[in-house]
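Here this note's numbering is used: the first residue of the sequence shown is 41, the next is one more, and so on.
Note that beta-carbon positions come from the ideal geometry of N, C-alpha and C, so glycine has one too.
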Amino acid sequence: MTTSLNFFKQYHSTVIKALGEDAKKVNAKVGSIFADNWAE
């Protein structure tokens, strides 16, 4: 695994833990924004 990919994986995991119960809602929103940006 590359360093940048490993960093992203650890960062994402940390953010999800920090958000707690709000993680599901925020993760869905992030996924939606990511998909919109990917489509452009």
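Within its chain, find whatever has a CB closer than 6 Å to the CB of residue i; leave out the 5 residues flanking it on each side and keep chain order.
{"i": "L59", "result": "V66"}
Just reading off the alpha helix (DSSP H) that residue i is part of, what are its end residues?
{"i": "D62", "result": "No alpha helix (DSSP H) holds D62; DSSP gives it neither H nor E."}
Using a Cβ-Cβ cut-off of 8 Å (strictly less than) and excluding sequence neighbours within five positions of residue i, which residues of its own chain qualify?
{"i": "I56", "result": "A63, N67"}
Grab me the residues of residue i's own chain with a C-beta within less than 7 Å of its C-beta, minus the 5 sequence neighbours each way, in chain order.
{"i": "N77", "result": "none"}
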